[in-house]
Structure formats: structure tokens, C-alpha cells
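Input: a single structure, listed below in C-alpha cells.
Protein chains in written order, with our numbering: chain A, 311 to 801; chain B, 153 to 580.
Below, the structure written as C-alpha cells:
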């Protein structure tokens with residue numbers, strides 16, 4: 311255990327992996343006098359808000375960032391059960407420094423399952439906004455859940471109004487499915503200015519700071535626990551096509567900034583691994599996937615694989631072992647075969663058909679029901695049925711699908727405007743297609759059904775309202791969906 | 153291509169990779185072979201940072217070079233040189249690898265261009281320093297301000313058992329920003345030219361343009377990007393207290409000996425909050441003390457007020473912050489003074505002895521409530537901890553009867569709360 315003292319109140323407190331700091335090797339003349347004897351707070355301001363993430367039944371990862379000129383600093387995290395911060399259940403001093411861009415991250419354990427908590431960060435000169443979060447239900451609990459899901463939020467393309475709407479909803483988890491940032495500058499005609507071309511560590515960090523300056527996004531992070539998987543724009547557009555091959559330095563910079571700015575802990579043996587499982591009681595397992603980092607086969611002379619063998623094996627085994635009613639794939643790129651008016655997107659699973667057939671085939675052969683792909687990347691609201699073999703699938707009514715895919719729209723990024731009828735003629739397993747609207751998906755997860763609402767907002771003006779534009783109901787065990795008539799769904 | 157072809161290809165790539173080829177130490181294993189940082193390309197723009205990839209699996213330690221993170225640090229090292237420029241600059245160096253194993257980093261400011269002097273590490277980062285190394289993402293990073301015409305050598309190391317070649321690889325980023333050209337402040341170097349603190353014990357220390365030089369020893373507990381030095385010989389043996397006022401004073405360190413070295417540090421304090429830094433140290437009459445005021449962003453005109461005086465009992469190491477306890481505080485204590493109303497009213501103030509449990513009290517507002525529920529005295533206290541005397545300003549004449557101290561103070565999240573107080577007394 312670390313020499314850093316953790317203060318514990320009533321409950322066991324498990325701070326970040328950083329508790330493993332080593333000072334034992336320091337020679338006496340230095341160690342006693344010069345190395346820090348304990349974690350200390352320092353000066354700094356919390357300009358980038360607060361966040362929490364990846365909740366377990368007993369633990370949550372808390373995040374903020376300390377803006378300071380000090381090479382090394384720290385802040386105190388206080389967790390309470392009341393918004394007045396009087397009923398404190400845990401507190402810890404969390405170090406930060408230049409090497410992590412002043413970001414603060416701690417995973418606090420010993421919390422009660424499915425309980426609302428409030429938290430605040432305090433430095434020697436500042437106090438963060440008070441955040442709110444919630445732990446996951448205990449394993450196996452019959453607890454209905456509400457999730458929010460979005461992707462593709464180009465800052466310059468519009469206002470993140472839907473995030474403000476999601477912040478106000480009663481959600482247990484909010485999932486970001488990639489393209490949380492866009493590495494490029496915004497165009498001159500953009501709704502909002504973004505002059506940052508992210509190419510190195512400093513510019514990726516600056517990009518995250520810009521995005522977090524959006525009040526809707528900040529409020530969403532302040533009020534809900536989140537989980538994030540990256541897609542391509544966290545590094546560079548379609549960088550995994552190796553055309554040209556991105557420099558390792560740029561990839562590392564993008565990955566590193568993403569970890570620094572998200573409430574996500576690293577695996578000790580692999581700091582850039584994002585694929586993992588989040589378990590939510592008896593109703594939901596969420597499999598966070600990485601569909602960029604391990605790709606092979608695009609101009610690199612290797613067979614085409616989307617997930618890499620280690621991740622694919624992990625996913626198949628995890629799905630087979632899952633006891634949850636609903637198995638959600640936090641999936642970056644479109645999984646269903648979709649013919650976009652004569653073309654397919656080979657950057658999506660359509661370019662990795664063998665991997666898709668393998669994954670969905672395993673699901674079908676194992677008889678795993680209620681697999682739901684939640685998908686980003688395409689900048690459309692879409693719903694399709696999944697199968698390992700589309701050549702004989704037809705409209706999906708003759709054979710039980712492997713699962714359902716909900717493409718949850720884009721927060722702001724522009725999509726490919728194609729008529730739904732055109733899409734469905736070429737891809738009859740498609741149940742909905744809408745590239746005109748922008749927003750997020752709201753999932754109501756219960757024992758008998760999954761209700762998915764598509765929520766949309768005008769992105770061209772700040773503070774525009776958000777409305778429901780679609781509703782799908784998926785009865786448990788059917789692996790198919792009922793779409794409410796669009797007129798009835800719009801609320 | 154048959155199914156075995158990719159495996160064969162992978163094996164060939166592995167055989168040709170540095171992993172397999174690096175059975176010998178890397179060419180930049182020693183300071184004399186220090187490699188440059190390289191520019192790299194990005195698909196969508198031009199990075200301003202430079203990078204280095206350190207392959208440490210076969211690297212060796214550096215005999216004779218002080219390992220600034222302890223004898224078990226820097227067991228496998230590679231070296232890089234950042235060439236001098238004609239302007240002062242701020243260098244930020246960050247290092248990480250595939251795992252969360254924290255990289256050892258040290259910077260050695262050179263006396264000039266092309267020199268290789270590794271006698272004293274000036275800034276270090278790594279396990280045990282207590283910054284990014286202890287954070288969730290566990291990386292090493294340092295920033296340093298250096299003057300013009302000075303190379304900087306960077307030592308990148310690993311400690312602990314040797315891992316796989318991939319786990320031993322380190323990516324090092326260098327960001328370099330030019331600083332305005334200006335005169336270096338008095339005492340920028342720890343040498344005979346460093347000014348002495350006058351007998352009055354008060355010195356105004358200019359910090360603008362301060363840099364880190366080759367004489368500055370690394371002090372992990374009190375890091376700073378740059379520093380300015382003063383010298384003093386205390387007139388008597390005993391405890392002496394240094395204080396530094398001014399937000400630009402980021403740390404205060406005191407060394408003894410002919411030259412400041414890591415081993416000659418007698419104490420330091422790191423800035424935590426806005427209040428003055430306080431550092432009591434034990435000193436011997438006439439023995440030279442080196443006083444270092446650390447600073448991070450020394451803009452032109454930045455100054456600190458340095459004070460030296462004999463210590464008093466209440467002096468303690470203080471980084472200038474007040475962080476309230478997460479356990480609600482309580483106040484007890486009593487009145488200090490005459491209990492006869494007539495005599496008590498001779499003073500314009502009311503002196504109380506406060507005992508604070510679960511302190512400190514931060515930004516406390518104090519009201520003395522007396523007979524008929526009226527307020528008789530008021531006061532504020534920036535920080536009260538333990539047992540302290542507090543003087544309240546009398547706002548009306550005291551009368552016979554029972555008095556109770558009402559207290560409120562900032563609690564967690566800077567929310568102002570009432571503090572339970574049992575401090576009562578009776579005047580007759």
C-alpha cells in the first residue's frame with residue numbers, strides 16, 4: 311500500500327490506482343526530507359467542471375481537472391449523500407501534476423449499491439461545482455434502468471442542446487459511443503468556432519477543454535455517471551485505415567488525452583485499453599468495445615479484423631457468460647449490413663464481414679437473446695435487425711434475428727441524407743433511417759421490454775428544446791422491434 | 153495468402169523489430185550519446201511537439217549520476233539532449249509507456265551549449281514525487297524554465313524488474329515554448345552573487361525572468377519551474393521562521409552548507425493556498441543558509457516578500473491553505489480578561505481563547521451574543537485551528553450576564569455552516 315494516507319469515514323475507501331506510489335527506494339538522506347510524506351492539496355481552479363463514470367455497485371470513478379501553474383498539486387474529493395455535503399461518506403486527497411494535464415481521477419469504493427451521491431473537489435484556492443452520481447444496482451437486482459446514449463459531437467457543427475436535455479433526465483448511465491471530440495478545426499461556415507487542429511498532446515488537451523466548455527456537456531457530466539468509448543475522431547478521421555498510417559505519437563497523444571479527460575481508470579498492464587464490461591444489476595451488462603485500436607487489414611497486409619483476437623474472444627466469452635437480461639454492445643460503427651443508396655461503408659462492420667459473421671454467429675448458435683448494439687459514427691438515427699447472414703435474412707421476419715441495433719443519431723455531426731424507403735429497399739432488415747435530426751437515445755430497460763426513444767433538438771441555436779421523434783419497443787426474447795408510428799412517437 | 157502466412161509475416165516483423173535486435177544497450181544509453189528529440193508527422197496538421205522513443209529493455213544504469221528518485225530508480229536509462237536556443241524557454245517533458253509503470257525522468261541544465269554535466273539533477277519526475285505519478289493515469293511529467301544558451305540533458309529511466317521490450321518502451325514528448333528575453337533576476341543562480349537577506353530580515357525578491365540553473369538541486373517536496381536564491385547567516389542558534397508573501401512565490405526551501413545540495417536541505421514548504429508560506433527551520437549561529445524561492449510563471453514584475461524572524465511557538469510549516477475538516481467542527485474555550493463588566497468595558501476588544509475540534513475553521517465569522525440576545529462583539533478569523541486566541545471588536549457596552557460565542561465558517565464545498573459552540577462565560 312502507498313505511503314499516501316487516505317482518510318476514511320465510515321466506509322472503506324479505495325482511492326485511485328495511484329495509491330501505489332513508491333518511496334521505499336529512496337535513500338534515507340533524501341527520503342526523509344525531500345520526498346512528499348503525504349498527499350497534499352495545492353492551489354488551482356476547477357474550470358472544466360466535474361464528472362463521474364463507470365459506476366459499479368460499490369464504486370465510482372470521479373473526475374475533475376485542476377488548472378494550476380504548479381508542477382504538482384492535489385485536490386480533496388469529498389463524497390456525501392446529501393447535496394449540502396454534510397453527510398460525508400468518503401474523502402481523499404488526490405494528486406495531480408503536469409504529466410496528467412492537471413486532471414484528477416479517483417475510484418472510490420465502499421459505496422452503497424444504487425445510491426445517489428454528491429461530490430465536490432476542493433483545492434487550496436478553489437471549489438468545484440457539486441456533482442451528482444449514482445452507483446449501479448447490486449448484481450442480479452431486478453432494478454429497471456434508464457440509459458442515455460450519444461455520439462459524434464462536432465463542436466463547430468452546432469450546440470449540444472440535447473446534452474442539456476439528457477442532464478435533466480433521470481438516467482442511471484450515459485454512454486458516449488465515440489467522436490466525443492473532432493480533431494479538426496471547424497469550417498469557416500461553422501455554427502461555432504473551433505480553431506484547434508489536434509495533432510499532439512497539447513492540442514488534443516486543448517480540444518477537450520474546448521468541448522467541456524459547452525454548458526450542456528458540462529451539466530451532463532456533472533449530473534450523470536458516464537462511460538465512453540472512442541471512435542476515430544478522438545485521434546484522426548478514419549485513422550485505422552492506415553491511409554496514410556498515423557504516427558504512433560499522434561495515436562498515443564489522442565488516446566492519452568482521452569484517458570486524462572474521461573472518468574475512466576486504466577488497466578495497469580495496458581493503459582490504453584478501453585474495452586471492458588459494466589454490470590448493471592440483473593437487467594443490463596454493457597460491453598464497452600474498441601473498434602479502432604486493434605483493427606488490422608487496412609493497407610497493412612494483414613487479414614481484416616475489427617476487434618483483434620483478444621477483444622473478440624473476450625466479447626464472445628463475456629456474452630456467453632452474461633446473466634443479465636439485456637446485453638448492450640457499446641459499439642462505435644454500424645454493425646448491420648446497410649446499403650446506402652448503392653454503396654456500403656467499409657469503415658463500419660460492412661468492411662469486416664467475417665468478424666461480424668463470427669460474432670453474430672456465436673450469439674445465434676449460443677441462443678443468446680436480447681443482444682442490443684448501441685451504435686454511433688453514422689450521424690443518423692437508425693434501427694436495424696442483426697444477423698450473421700444477411701444474404702438469406704430478407705426483412706427479418708422469417709428467422710429470429712441475432713439482435714437489434716440502435717444507431718443513436720449524432721449530437722451535431724451531419725449525416726448522409728437518404729430516404730428511408732431507399733435504405734429499406736436495399737436493406738429490408740432496416741426499421742428506421744433518419745439523417746436529418748440530431749440528438750441522443752434514451753433507453754428504458756425493464757424485465758419484459760426495452761423502450762428506446764430517439765430525442766432530437768435544433769442544433770443551430772443555443773438552448774433549443776429537445777423532443778422525442780421516435781419510439782421503439784423491443785419485447786424481451788424476440789430480438790426484434792416494434793416502431794411506433796412516427797406521428798405518435800413525436801412528443 | 154494461406155492462413156499461416158500472417159503468422160509468418162508477424163514473426164518476421166517481430167524478428168526485425170528493435171525488440172529482438174536490441175540485445176545491446178541503445179546508442180543513447182549514456183549521457184555522451186544523448187539523442188535528439190525528433191519531429192513527427194500527423195495526418196491532419198503539423199505537431200509543434202517533438203518526441204523520442206526510449207527502448208530501455210537492454211539499457212543500463214548510469215554510474216556516477218545521482219539518481220534523484222532514489223537508488224532503486226533509473227536502473228535502465230536513455231539520454232536525450234535539448235539544444236540551447238538564444239532565448240529563455242519553458243520545456244515540458246512528459247513520458248509514459250504501455251503500462252502504468254511510471255517512468256523516471258530527470259533534467260540536467262547545462263552550463264552552456266554542447267556541455268555534458270550530470271553532477272546534479274535539477275528537476276525530476278517519477279514514482280514518489282506525488283504528482284502525475286500518483287494520479288489515476290500515472291505518468292511522469294516535468295516543466296522547467298531555462299535561460300538562453302543552455303542545453304538540457306534529459307535522463308529517461310525505468311526502475312524495478314525488467315519487463316518485456318514493449319513494456320520497457322517509453323514515449324517521451326517535448327513541448328518547447330520561447331519566453332520573453334529579459335534580465336535574469338538577482339540570485340537566479342545559487343552562488344556567491346546571490347544577495348543576502350538584510351539584518352532587518354525583510355527582503356523584496358524579484359522573481360520575473362527566473363530560471364532553473366545547473367546549481368539548483370531537485371526538491372521533490374517543493375518543486376518549481378524556476379527559482380531565485382538568497383543567503384543569510386542567522387545571528388543566533390535556534391528556530392528561525394522564513395515566510396514568503398506573494399502569489400508568485402510557489403515554494404520556499406532552505407539549505408545549508410557551502411552549496412545547496414539535495415542532502416543539505418533543512419526544510420521546505422510548497423504552496424497550497426493563498427496565504428503566506430511559512431517555514432520554521434533549526435539554524436546555528438553564523439552558519440550559512442541558502443534560501444530558495446520557487447516560482448512557476450514568473451512574469452515580469454513578479455515579486456515575493458521574504459521575511460526572516462525568530463520563531464515563536466505557534467509557527468509551523470504552512471502552505472497557506474485552509475481546508476475545513478469533513479467532520480463537523482465544534483468550538484469550546486473561554487473568555488480571557490477581567491470578568492467585572494466595568495473593567496471589561498475598558499477594552500475596545502474582547503479576547504477569547506478558542507479551542508477548535510475537527511478544525512480548522514476557515515473564514516470564520518464570530519459573534520458574541522449576550523444578554524437580551526444582543527450582539528456585543530464581532531470578529532472574523534481566516535483560519536483557526538487547535539487552541540488559539542481570537543480578538544473580537546466590541547460593538548456595544550458589555551453588561552452583566554451570560555455570553556455565548558456564535559460561530560459560522562466555511563465547510564465542505566465552501567458552504568457556510570453554523571459551528572456548534574460551547575464557548576460561554578459570565579460577566580458580573
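Glycine included, each C-beta is placed from N, C-alpha and C at the ideal position.
These figures come from a predicted structure and were not determined experimentally.
I'd like to know whether the C-beta atoms of residue i and residue j end up nearer to each other than 7 Å.
i              : j              : result
residue 443(B) : residue 406(B) : yes
residue 486(B) : residue 496(B) : no
residue 283(B) : residue 376(B) : no
residue 403(A) : residue 349(A) : yes
residue 384(A) : residue 418(A) : no
residue 488(A) : residue 540(A) : yes
residue 636(A) : residue 593(A) : yes
residue 228(B) : residue 290(B) : no
residue 723(A) : residue 646(A) : no
residue 432(B) : residue 463(B) : yes
residue 383(B) : residue 367(B) : no
residue 563(A) : residue 510(A) : yes
residue 255(B) : residue 292(B) : yes
Given that residue i touches chain B, what residues does it touch there, using C-beta distances under 7 Å?
i              : result
residue 579(A) : 251
residue 494(A) : 196
residue 616(A) : None at all; the shortest Cβ gap to chain B is about 16 Å.
residue 379(A) : 448 and 449
residue 549(A) : 195
What does residue i touch in chain B if you count any residue whose Cβ is under 9 Å from its own?
i              : result
residue 395(A) : 478, 563, 564, 565 and 567
residue 816(A) : Because chain A is modelled from 311 through 801, residue 816(A) falls outside the range shown and cannot be assessed.
residue 544(A) : Within chain B, no residue comes near residue 544(A); the closest Cβ sits about 13 Å away, beyond 9 Å.
Taking Cβ-Cβ distances shorter than 8 Å, what residues in chain B pair up with residue i?
i              : result
residue 556(A) : 194 and 195
residue 430(A) : 564 and 565
residue 511(A) : 201, 246, 325 and 327
residue 570(A) : 289
residue 576(A) : 252, 288, 289 and 290
For residue i, does the count of other Cβ atoms within 10 angstroms reach 16, so buried, or fall short, so exposed?
i              : result
residue 359(A) : buried
residue 591(A) : buried
residue 179(B) : exposed
residue 411(B) : exposed
residue 202(B) : buried
residue 326(A) : Residue confidence for residue 326(A) is low, a pLDDT of 34 falling below 50, so the modelled location carries little weight; the figure read from the coordinates is stated next. By the neighbour-count rule (16 or more Cβ atoms within 10 Å), residue 326(A) is buried.
residue 532(B) : exposed
residue 623(A) : exposed
residue 450(A) : exposed
residue 266(B) : exposed
residue 526(B) : exposed
residue 611(A) : exposed
Over the uninterrupted beta strand (DSSP E) stretch that includes residue i, give me the two end residues.
i              : result
residue 487(A) : Residue 487(A) -> no beta strand (DSSP E), and no H or E assigned at all.
residue 562(A) : Segment 558–571 is the alpha helix (DSSP H) holding residue 562(A); no beta strand (DSSP E) there.
residue 666(A) : From DSSP, residue 666(A) is part of no beta strand (DSSP E) but of the alpha helix (DSSP H) over 663–676.
residue 595(A) : 594–598
residue 406(B) : 403–408
residue 397(B) : 390–397
residue 361(A) : 360–363
residue 759(A) : 759–767
Got a sec, what are the start and stop residues for the alpha helix (DSSP H) residue i sits in?
i              : result
residue 681(A) : Per DSSP, residue 681(A) belongs to no alpha helix (DSSP H); it is in the beta strand (DSSP E), 681–685.
residue 735(A) : 730–736
residue 475(A) : 471–478
Tell me whether residue i counts as near the ligand MG, meaning its Cβ is closer than 6 Å to at least one heavy atom of that ligand.
i              : result
residue 516(B) : Among the components modelled here there is no ligand, and therefore nothing to report on the ligand MG.
Residue i versus chain A: which residues are under 8 Å apart at the beta carbon?
i              : result
residue 287(B) : 326, 328, 404, 405, 406, 407, 409, 410, 413, 414 and 415
residue 295(B) : 381 and 408
residue 655(B) : Absent from the model: residue 655(B). The displayed extent of chain B is 153 to 580, so no value can be given.
So which residues of chain A does residue i contact, with C-beta pairs closer than 9 Å?
i              : result
residue 248(B) : 409, 562, 566 and 581
Worksheet item: Which parts of the region 502–555 of chain B are runs of the beta strand (DSSP E), unbroken and 3 residues or longer, counting only runs that do not cross its ends?
Response: The region 502–555 of chain B contains these whole beta strand (DSSP E) runs: 513–521, 527–536 and 539–546.
Worksheet item: In the region 236–323 of chain B, which residue ranges form an unbroken beta strand (DSSP E) of at least 3 residues, counting only runs that do not cross its ends?
Response: Correct list: 241–249, 256–261, 275–277, 292–298 and 304–310.
Discussion item. Restricting to runs no shorter than 3 residues, where is the beta strand (DSSP E) found entirely within the region 414–497 of chain B?
Written reply: 417–422, 429–435, 441–447, 455–462 and 482–487
Worksheet entry | beta strand (DSSP E) runs contained entirely in the region 375–446 of chain A, provided each spans 3 or more residues | 382–390, 398–407, 413–418, 426–432 and 441–444
Fill in: Contained beta strand (DSSP E) runs [length at least 3] in the region 626–655 of chain A, N- to C-terminal order
636–641
Discussion item. Please give the ranges of any beta strand (DSSP E) in the region 490–551 of chain A, keeping only runs that are unbroken, at least 3 residues long and fully inside the region.
Written reply: 535–538
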